[in-house]
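First residue of the sequence shown? That's 6 in my numbering, and the numbers climb one at a time after it.
Structure first, commentary second.
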Amino acid sequence: MSEENKTLARRSWEVVTEGSLDTLEDALAEVYANDFILHEPDEDIVGIEGLAQFVSMIRSAVPDLRITLEDDMAEGDKVVSRWIGQGTHQGELMGIVPTGSRVTITGSLSIALRTLRSSRSGRTGTP
Numbered sequence: 006m007s008e009e010n011k012t013l014a015r016r017s018w019e020v021v022t023e024g025s026l027d028t029l030e031d032a033l034a035e036v037y038a039n040d041f042i043l044h045e046p047d048e049d050i051v052g053i054e055g056l057a058q059f060v061s062m063i064r065s066a067v068p069d070l071r072i073t074l075e076d077d078m079a080e081g082d083k084v085v086s087r088w089i090g091q092g093t094h095q096g097e098l099m100g101i102v103p104t105g106s107r108v109t110i111t112g113s114l115s116i117a118l119r120t121l122r123s124s125r126s127g128r129t130g131t132p
């Protein structure tokens, strides 16, 4: 089951970084539960709609975003992914005006899986 969970977690990263923004909510619903919660430092992102808005905001600000999974570990119904995100800051992001600079952020994401879809996750990262 751990390998299946890692595969699902990897698929969720593909949806977030490569999927069409026009069909993002449908794609997210394929891998995330309706009661999904992403615990961000300043707020919780709740549900598929909230996650779609969050992802759209990031991808609009960094349209060439690429995420590389450095490592993933799974045990039981939990998967932890260590990642690096890179791209060019071309649009407003959380009140920060576009800089045109290349940005790199690293972080980790912990996902608890339920019935082949994740329902709760938390992210840590450093800009």
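Using N, Cα and C, we set each Cβ at its ideal position, and we do this for glycine too.
On a predicted model such as this, the values are computed, not experimentally measured, just so you know.
Hey, how far is the Cα of residue i from the Cα of residue j?
i, j, result
"residue 43", "residue 60", "11 angstroms"
"residue 97", "residue 117", "31 angstroms"
"residue 106", "residue 65", "15 angstroms"
"residue 23", "residue 33", "12 angstroms"
"residue 114", "residue 63", "16 angstroms"
"residue 79", "residue 10", "7 angstroms"
"residue 27", "residue 46", "27 angstroms"
"residue 132", "residue 36", "With a pLDDT of only 43 at residue 132, under 50, the local geometry of the prediction cannot be trusted, and the value read off the model is given with reservation. Going by the C-alpha atoms only, they are around 27 angstroms apart."
"residue 72", "residue 48", "22 angstroms"
"residue 14", "residue 112", "15 angstroms"
"residue 133", "residue 101", "No answer is possible for residue 133: it lies beyond the span of the chain, which begins at 6 and ends at 132."
"residue 110", "residue 86", "14 angstroms"
Spatial neighbours of residue i within its chain, please: CB distance less than 6 angstroms, with the 5 preceding and 5 following residues excluded, ordered by chain position.
i, result
"residue 30", "53, 57"
"residue 69", "92, 93"
"residue 83", "117"
Just checking: is the beta-carbon of residue i within a distance shorter than 8 angstroms of some beta-carbon in chain B?
i, result
"residue 53", "The chain labelled as chain B is not found in the depicted structure, where only one protein chain is given."
Can you tell me the Cβ-Cβ gap for residue i and residue j, rounded? I've got them flagged as a contact below 8 angstroms.
i, j, result
"residue 4", "residue 108", "Given that the chain is displayed from residue 6 to residue 132, the structure contains no residue 4 and the question cannot be resolved."
For residue i, collect the residues of the same chain with a Cβ closer than 7 angstroms to its Cβ; drop the 5 residues on either side in sequence, then sort them by chain order.
i, result
"residue 51", "42"
In chain order, what residues of the same chain lie with their CB nearer than 8 angstroms to the CB of residue i, ignoring the 5 residues before and after it?
i, result
"residue 39", "52, 53"
Hey, quick one: how far does the beta strand (DSSP E) through residue i stretch, first residue to last?
i, result
"residue 95", "Note, residue 95: premise wrong, no beta strand (DSSP E); not H, not E."
"residue 21", "Note, residue 21: premise wrong, no beta strand (DSSP E); alpha helix (DSSP H) at 7 to 23."
Under DSSP, the alpha helix (DSSP H) around residue i begins and ends at which residues?
i, result
"residue 43", "Counting along the chain, residue 43 falls outside any alpha helix (DSSP H), though it belongs to the beta strand (DSSP E) covering 37 to 44."
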